[in-house]
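Enquirer: The structure follows.
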Amino acid sequence: MNYDKVEDTFFEAFEGKYVRALITGPTEKIVKRAAYDSTSTPSAVIGRVEGGVEGFLDKNETPDGRFGAVVQYWLGGDDKEKFAFELSYRLRQDVLVKPFTRIFDYSDSESDDYIEMMDIVGHCGDGWEWIVEEYGRKMINVPIAVPDFQIEEKFKINDGIMGGNFWYLCETPEAVLTAGDAVIDAIMEVGGATAPFDVCSAASKPETNYPEIGPTTNHYYCPSLKERLADESKVPENVNYIPEIVINATDVDSMFKAIKAGIDAAIDVEGVIGISAGNFDGKLGDKIYNLLDVLK
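Residues in the sequence shown are numbered consecutively from 2, following our numbering.
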């Protein structure tokens with residue numbers, strides 16, 4: 002692979018907490034809806050939960066012999082109570098309501114920290130819920146109108162890494178979409194990694210004029226502001242679009258593999274004229290990684 006298009010720069014990352022779950026259901030369509038709905042709003046940057054779909058499993062790979070989706074739910078920081086509170090919305094409002102779904106803990110770490118699901122999800126049964134032992138797990142059975150929803154009793158809280166990223170600089174809108182599809186498909190082939198923003202159109206920055214709404218646009222890299230900013234603009238010549246791919250992963254190795262897979266998928270797409278990364282001189286993340294080193 003020729004990496005002449007890749008800028009010698011770095012990206013920043015930081016530690017985070019995540020729950021890794023397996024959603025199962027009777028059809029691929031129901032599983033995909035539950036997985037994508039429950040991970041659809043990347044919110045860690047505003048202190049809430051963000052998620053990503055890691056990949057999909059065949060029937061012979063799941064505890065209950067049904068279609069499956071591996072998903073991750075993330076929170077930056079160490080506030081376990083808030084994590085559980087925010088996570089409950091995703092599980093109750095986006096998965097429990099899908100017909101015939103179940104959720105299993107899918108962690109493979111040695112963590113002894115966990116979230117009890119009875120208080121935040123099980124009690125949707127309004128006191129009529131009960132515990133069953135099935136599929137080699139302790140499951141909470143929540144009686145609902147399309148009976149019944151089941152969720153594993155405990156989910157491990159794991160330590161991972163968040164915020165790794167790269168930009169693919171594009172000349173045409175077709176390149177944004179074609180390369181973006183290829184990048185996301187490639188990342189989903191990497192175990193342990195997710196792209197919670199999918200293809201992100203809005204690179205942000207740590208400082209803002211409006212702190213009440215959280216991160217705001219990185220105006221230096223907005224092509225539409227190139228004339229107004231003049232010499233302050235950092236948009237390279239012939240670049241009209243700068244999509245960003247953000248990676249959260251169970252470990253640094255998985256993050257690196259995902260970033261390399263994504264860059265390899267984008268770099269030769271017609272209209273992609275460069276690869277770079279978002280960084281803020283260490284203001285966003287305390288872990289600094291050189292982009293070229295990741296590609297070795």
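Note that beta-carbon positions come from the ideal geometry of N, C-alpha and C, so glycine has one too.
By Cβ distance, which residues of its chain are closer than 8 Å to ARG34, with the 5 residues on each side in sequence left out?
Expert: In the sequence shown, the residue the question calls residue 34 occupies position 33. Counting only Cβ-Cβ distances below 8 Å, and skipping sequence neighbours, we find LYS99.
Enquirer: Should TYR74 go down as buried or exposed, given a rule of 16 or more other Cβ atoms within 10 Å for buried?
Expert: For this step, residue 74 is matched to residue 73 along the sequence shown. Buried.
Enquirer: Per DSSP, LEU23 forms a beta bridge with which residues?
Expert: Here residue 23 is taken as the residue at index 22 of the sequence shown, counted from 1. Paired residues: VAL71, PHE105.
Enquirer: Determine the direct distance from the alpha carbon of THR195 to that of TYR37, and round the result to whole angstroms.
Expert: Residue mapping note: residue 37 aligns to position 36 of the sequence shown, counting from 1. Residue mapping note: residue 195 aligns to position 194 of the sequence shown, counting from 1. So the alpha carbons of these two residues sit roughly 12 Å apart.
Enquirer: Which word fits TRP168, buried or exposed, when buried means at least 16 other C-beta atoms lie within 10 angstroms of its C-beta?
Expert: Residue mapping note: residue 168 aligns to position 167 of the sequence shown, counting from 1. Answer is buried; the Cβ neighbour count reaches 16.
Enquirer: For the alpha helix (DSSP H) that contains MET140, what are its first and last residues?
Expert: Translated into positions along the sequence shown, residue 140 becomes position 139. Element bounds for MET140: not the alpha helix (DSSP H) but the beta strand (DSSP E), 138-143.
Enquirer: Check whether the segment 99-116 and the segment 40-51 touch, using three or more Cβ-Cβ pairs below 8 Å as the test.
Expert: Verdict: no, contact absent.
Enquirer: Would DSSP call TYR242 helix, strand or coil?
Expert: For the purposes of this step, residue 242 is taken as the residue at position 241 of the sequence shown. Note: TYR242 maps to strand in three-state DSSP.
Enquirer: Where does LYS297 sit, in a helix, a strand or coil, going by DSSP?
Expert: Taking the sequence shown and counting its residues from 1, one reaches residue 297 at position 296. Three-state result, LYS297: coil.
Enquirer: With 16 other CB atoms within 10 Å as the buried threshold, where does GLN94 fall?
Expert: Position 93 of the sequence shown, counted from the first residue, corresponds to residue 94. Exposed is the call here.
Enquirer: Give a yes or no on contact between the segment 109-124 and the segment 74-86, applying the rule of three or more CB pairs nearer than 8 Å.
Expert: Yes, the segment 109-124 is in contact with the segment 74-86.
Enquirer: For ASP252, which residues of its own chain have a beta-carbon under 8 Å away from its beta-carbon, when the five flanking residues on both sides are left out?
Expert: For the purposes of this step, residue 252 is identified with residue 251 of the sequence shown, where counting begins at 1. Cβ neighbours of ASP252 beyond the five flanking positions: GLY161, ILE162, GLY193.
Enquirer: What is the DSSP secondary structure of ALA146, reduced to helix, strand or coil?
Expert: Counted from its first residue, the sequence shown places residue 146 at position 145. It is coil, neither helix nor strand.
Enquirer: Can you give me the C-alpha to C-alpha distance between ASN159 and VAL54, rounded to a whole angstrom?
Expert: Position 158 of the sequence shown, counted from the start, is the residue given in the question as residue 159. Position 53 of the sequence shown, counted from the start, is the residue given in the question as residue 54. The alpha-carbon atoms of ASN159 and VAL54 are separated by roughly 17 Å.
Enquirer: What span of residues does the alpha helix (DSSP H) with VAL1 cover, start to end?
Expert: An answer regarding residue 1 cannot be provided, because it is not within the stretch 2 to 297 covered by the chain.
Enquirer: Looking at the secondary structure, which residues open and close the beta strand (DSSP E) in which SER234 lies?
Expert: The sequence position of residue 234 within the sequence shown is 233, counting from 1. Per DSSP, SER234 belongs to no beta strand (DSSP E) and is neither H nor E.
Enquirer: From THR42 to LEU293, what distance separates their C-alpha atoms?
Expert: Translated into the one-based positions of the sequence shown, residue 42 becomes position 41. Translated into the one-based positions of the sequence shown, residue 293 becomes position 292. If I take the Cα positions, the gap works out to 30 Å.
Enquirer: Report the rounded CA-to-CA distance for ILE243 versus LEU76, giving the unit in angstroms.
Expert: Here residue 243 refers to the residue found at position 242 when the sequence shown is read from its first residue. Here residue 76 refers to the residue found at position 75 when the sequence shown is read from its first residue. Between ILE243 and LEU76, the C-alpha separation is close to 26 Å.
Enquirer: Helix, strand or coil, according to DSSP, for ALA278 in the structure here?
Expert: Taking the first residue of the sequence shown as position 1, residue 278 is located at position 277. Reduced to three states, the DSSP call for ALA278 is coil.
Enquirer: Alpha carbons only, please: which of GLU82, ILE214, ASP232 is nearest the one belonging to TYR221?
Expert: Translated into the one-based positions of the sequence shown, residue 221 becomes position 220. Among GLU82, ILE214, ASP232, the Cα nearest to that of TYR221 belongs to ASP232.
Enquirer: Does the segment 7-20 come close enough to the segment 273-287 that 3 or more CB-CB pairs lie under 8 Å?
Expert: Yes, since at least three Cβ pairs between the segment 273-287 and the segment 7-20 fall closer than 8 Å, the two stretches touch.
Enquirer: At which residue ranges does the segment 86-131 contain complete alpha helix (DSSP H) runs of 4 or more residues, listed in the order of the chain?
Expert: Correct list: 118-121.
Enquirer: Measuring only the C-alpha atoms, how far is ASP199 from GLU135?
Expert: Here the question's residue 199 lines up with position 198 in the sequence shown. Here the question's residue 135 lines up with position 134 in the sequence shown. The alpha-carbon atoms of ASP199 and GLU135 are separated by roughly 35 Å.
Enquirer: Nearest-angstrom Cα distance between ASN239 and GLU172?
Expert: Numbered from its first residue, the sequence shown carries residue 239 at position 238. Numbered from its first residue, the sequence shown carries residue 172 at position 171. Cα-Cα distance, rounded: 6 Å.
Enquirer: Do you know whose CA, among LYS155, PRO174, GLY78, lies nearest GLU271's CA?
Expert: Sequence index remark: in the sequence shown, residue 271 carries index 270 (1-based). The option with the nearest alpha carbon to GLU271 is PRO174.
Enquirer: Looking at C-alpha atoms only, which residue of PRO207, PRO212, LEU285, ALA203 is the closest neighbour of GLU245?
Expert: For the purposes of this step, residue 245 is taken as residue 244 along the sequence shown, with counting starting at 1. Here the closest residue by C-alpha is ALA203.
Enquirer: How many whole angstroms separate the CB atoms of LEU178 and ILE274, which I take to be in contact at a CB cut-off of 8 Å?
Expert: Along the sequence shown, one-based indexing puts residue 178 at 177. Along the sequence shown, one-based indexing puts residue 274 at 273. The Cβ separation is near 16 Å, so there is no contact.
Enquirer: Just the Cα atoms here: how many angstroms apart are LYS157 and PRO237?
Expert: Here residue 157 is taken as the residue at index 156 of the sequence shown, counted from 1. Here residue 237 is taken as the residue at index 236 of the sequence shown, counted from 1. One C-alpha to the other measures close to 44 Å.
Enquirer: State the DSSP-derived secondary structure class of GLY332, mapped to helix, strand or coil.
Expert: No answer is possible for residue 332: the residues shown for the chain start at 2 and end at 297.
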